[in-house]
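First up is the structure itself, then whatever we jot down about it.
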Amino acid sequence: MNRRLWTSLISVVVIVVVALVANIATGNTPILGLDLQGGVSVILAPTEPASGDDLIVIRDLIRSELESRGIAEPDVRVQGDVIVVDLPGVKDQQEALDAVDVSGVVELRPVINFAECQTPDFSPATDLEDLLSPPQGVVPSDVPADSSTVPVDSTAEPAGFRSAAPDPADSVPADSVPAPSDTIAPEVDPTAVPLDETPPVFPGTPGAELLPTRDGQPLCVGPTQGTGEIFVRGSAELTGDSGWGVAVSLRSDGQGTWNNLANQCYNTTPTCPSTQPGVRGQIAIVLDSVIMSAPQVNQPNFTDSVAITGSFSRGEAEDLAAVLNRGAFPVEVEAQEARTVSASAGADSLEAAIIAGLLGVFLVLAFLIAYYRWLALVIVGGLVIWGMMVFSLASLVSGWTNYALSLAGVTGIIVAVGVTVDSYVVFFERIKDELRNGRTIKNAAPRSFKATWRTIWSADLISVIGALILFWLSVGSVRGFALYLGLTTICDLLVCYFFTRPAVLLLARSKLMAKRTRALGIEVAS
Amino acid sequence: MNRPDGVADSGIKRLFRGQTAIDFYGHRRIGLIVAMVVLLVTAGSLSTRGLNLGLDFEGGDAWDVPASETFGVDEAADVLSDNGVSTTGARIQRRSSETADVITIQVEEVDRDVAVSITEGFAVAAGVTADEVSFSFTSSTWGSEITEKALRALIIFLIVVSVFISIRFEWRMAVAALTAMAHDVVVTVGVYSVFAFEVTPATVIAFLTILAYSLYDTIVVFDRVRENEGKYAGVRMPYEDVVNISMNQVLMRSINTSISSILPVISLLLVGSGLLGAVTLREFALALLVGMISGVYSSIFVATPLLATLKSNSGRKSRRDCLVGEDLRAAVIGAGVTGRVVSSASTDDEADEVLAGASSVVQPADRLLNHPPRPRKKKRR
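Chains as they are written, first to last, in the numbering used here: chain A, 2 to 527; chain B, 624 to 1004.
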């Protein structure tokens, strides 16, 4: 019996110490929340229900976006059904917010006549300046442009869509007798997809609005007829045979949507008119209300893939490929919460929490030592073991589960000190009761443990249940709190059974304690 | 110094030795009155003042700017109006700690561009770099989502806990424990409403901590009640007495636990008010402090009297009065052993002496502690 107690005592100490040393040696410390180290934290939530896979796709896209902007070590995590972006120690908060704040959905819209978008505060004079260097040879026809400065078709080939055709058979537009769903997608009604953002909407054409291109020059576009989802995720790549271009694959269920739009533009129907003499209709690729590219359509039907070519520089082509890949954002996300904490405030909070925690533990221990005398040594040992255990588990769990240790978590742990100490108090008070009634300490200790263990696990189990339910059902910082509440409670149970029990029982059996009940802070009525 | 029966003379020593004899059940009306007063104050305050909901629940933009002699509340308002933001709906507060002051500015949602220029405006006005200005925004849907989900979690938690307590103990204990918990939340919400503290997600977490703590504390007390209930099953002790005896026995534990739980929170409070950036920490600690004190109070003065009332109305009727005074004390002292009360008297010699000392007490403690048990009968008479 003694041997088993010693085994339990020694093994728990060894395990905890080894775990702690291993954690420290590998540099594995709890990941600190943004409120403790300063930085930018943004919570993005999908605007409609999204699956876990969708969120992971978005997470990876955001991460690469941030990395491409030169923000070091972006911490982008999926937490439940939201995405949390933590950017510790970011200097330029504004840039970080801009980088993260994307709706991320690429829209495909026909380019229409400028007049459709005429808004009262539109001033052609300023836009004329922009028109001197239009991108990709696209010029709205009814703007009184100085024709000699517009490089249409002469030197630069206008951007255009063609089938990206490794297989010649595919590139012939008429080669396939398209299935009915291929030519016209009945489910896509141009007017049925109204766009409800960005104010300047011309009443004559529902959904028409004036959007800037990347150069700042505005184009008038019709309502959204499709999203980037019609492309195969991540399939956009550079092509370089005759000038830089981008090839992207169509999803089989996206072909109908695409061909519907392409047909309109190729045939220059009123929904996608020719806005410029000698040029077919154009499709605008829009991301976050900015037209990334507006190439003209060179064939009415596409199978499998689309090639966008034109007078691209390599960088432009890369950007467009990135946009198309990113357009594969499966759902739209929106920033729900953003927080910036200056590094100094974060450090202050961490410092305050640590000082408060140490001071609190010190006060509690001082009180308990005064009250329980030698028995309090067990509490000191137990709390040290508990602290090491919580630290190790927090290091591991914050790495695995994406829940950084935030201010709420730290305060939760400080509060947990009280509940942990309660296990000892309940146990020791019971021992005192038994001693008062004349049992020897040797006899009293195991009986007391049996009675108190029941109390402790009942009470702790309620805390664990609460933590589990909160973790399961809540969002944001409440979740992190629940995680650490559950963690500390489980540590309490483990320490109580594997450390406190053997320690007290062994102490009670030792000859040292046999005659010294007073040394335990117990005053037996004589 | 001590009385011949070994009972200490001073109250504190009695407490220390577990010799108190406080008639908690008899004073149940105090708990009831206090609870009613608290409820009324909270309801009155909620209806007139409401809660000071933070940014996260209403949605909007907020800045924390280091204050200085040249940058105060008025200057912050100037920056807002310079950027075309109405200052009527804005909340501008100065939050101070010993080392530094922070001006907190909250407005309803504004455009991102406006927010950027306001951030820069604050930085210029306060003479700091833009990095030292903390900016946050929350969409209003997000705030309501947090609240909604927390509430849903809470309701499910309460149902599960009720089931758990009903299985582990009994349903009356579940009712009593949840009532005590509701009492604690009402107290804390009342404090927040009366003093108009800002309710933030951190506060919600503090509330949840209070719930968990209150339940934990009550369960520890109830476990002793249940244990004693089994112990006295043979002598048909009235439930009120069982509750009173149990309460006196766990009193020292409750006090010790409260002290050791509240000490860290007090240190949070002190350190939080002493250091910059820990202003939220201070408010958090305040909620916890109030909730924990209330939790300890309610498990003694709300949960257990309620339990006794529920039980005494539902079961064994007793014709005699409750134990009070020395009778109660004798029962408290005598019952502090494990196992059934009836066996302890005959097996444990030393305990016998203690009990013999207390045998100046007449019926019924005397009877139940010193006489061999009456054999249990299958049917009640």
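From the three backbone atoms N, C-alpha and C, an ideal C-beta is built for every residue, glycine too.
Think of a sphere of 9 Å around the beta carbon of A:V479: the chain B residues whose beta carbon falls inside it are I769, K772, A773, A776, P824, V827, I828 and L831, in chain order.
In chain order, S459 make up the part of chain A whose C-beta sits under 7 Å from the C-beta of B:R791.
Membership of A:C266 in the alpha helix (DSSP H) is indicated by the continuous run Q256 to Y267. Sequence-distant Cβ neighbours of B:G654 in its own chain, meaning closer than 7 Å and more than five residues away, are F924, V925 and P928.
For A:L376, there is no enclosing beta strand (DSSP E), as DSSP gives it neither H nor E. Under a criterion of Cβ atoms nearer than 7 Å, the residues of chain A adjacent to B:M875 are, in order, E430. Not a single C-beta of chain A is nearer than 8 Å to the C-beta of B:F694.
For A:S464, the nearest CB of chain B lies under 8 Å from its own CB, placing it at the interface with that chain. Neighbours of A:T456 in chain B, taken as residues whose beta carbon is under 7 Å from its own, are V843 and D846 in chain order. In the structure shown, A:M293 adopts extended strand secondary structure according to DSSP, grouped into three states. DSSP places A:L109 inside the beta strand (DSSP E), whose first and last residues are V107 to P111. For A:L364, the closest Cβ of chain B is nearer than 8 Å.
Under a criterion of Cβ atoms nearer than 8 Å, the residues of chain A adjacent to B:W765 are, in order, I44, A46, Q337 and E338. Proximity of the segment 811–820 of chain B to the segment 662–671 of chain B meets the contact definition, three or more beta-carbon pairs being nearer than 8 Å.
Contact of B:N851 with chain A is not assigned, every C-beta pair being separated by 8 Å or more. Within the segment 744–761 of chain B, A753, D754, E755, V756, S757, F758, S759, F760 and T761 place their CB atoms closer than 8 Å to a CB of chain A, listed in sequence order. At a cut-off of 8 Å between C-beta atoms, A:D423 counts as an interface residue with respect to chain B.
The C-beta of B:G918 has 16 or more other C-beta atoms within 10 Å across all chains shown, which makes the residue buried. Cβ atoms of A:L507 and A:L10 come within 8 Å of each other, at about 7 Å. The segment 694–757 of chain B contains, as complete beta strand (DSSP E) runs of 3+ residues, the segments 714–719 and 724–730 (chain order).
The beta carbon of A:L406 sits closer than 8 Å to the beta carbons of P31, I32, L33, G34, L37, A395, S399, G481 and Y485 from its chain, once the five residues preceding and following it are set aside; these are given in chain order. Under a criterion of Cβ atoms nearer than 8 Å, the residues of chain A adjacent to B:V783 are, in order, I466 and I470.
Taken in chain order, the members of the segment 366–383 of chain A whose beta-carbon sits within less than 8 Å of a beta-carbon on chain B are F368, L369 and Y372. In the DSSP assignment, A:S42 falls within the unbroken beta strand (DSSP E) covering G40 to P47. Secondary structure note for B:R652: its alpha helix (DSSP H) is the uninterrupted segment R651 to T671. Under a criterion of Cβ atoms nearer than 7 Å, no residue of chain B is adjacent to A:I386; the nearest Cβ is some 17 Å distant.
Linking B:T742 to A:S314 through their CA atoms gives a straight-line distance of about 37 Å. Within chain A, G419, V422, D423, V426 and V427 have C-beta atoms less than 8 Å from the C-beta of B:T880, given in sequence order. Ranking A:R431, A:A409, A:G257 and A:M293 by CA distance to the CA of A:Q218 puts A:M293 first.
Residues of chain A with a Cβ closer than 7 Å to the Cβ of B:L886 are, in chain order, G361, L364, V365 and F368.
Residue-level contact check: A:T501 does not touch chain B, since none of the beta carbons of chain B fall below 8 Å from its beta carbon. For the segment 909–937 of chain B, residues whose beta-carbon sits nearer than 7 Å to a beta-carbon of chain A comprise L911. At least one CB atom of chain A sits nearer than 8 Å to the CB of B:A835. Under the criterion of beta carbons closer than 8 Å, B:G744 and B:V702 qualify as touching, at roughly 4 Å.
Contact annotation: A:Q277 and A:C266 have beta-carbon atoms that are not nearer than 8 Å. If you ignore the 5 residues before and after B:I728, its C-beta comes within less than 6 Å of the C-beta of W686, A699 and I715, all in its own chain and listed in chain order.
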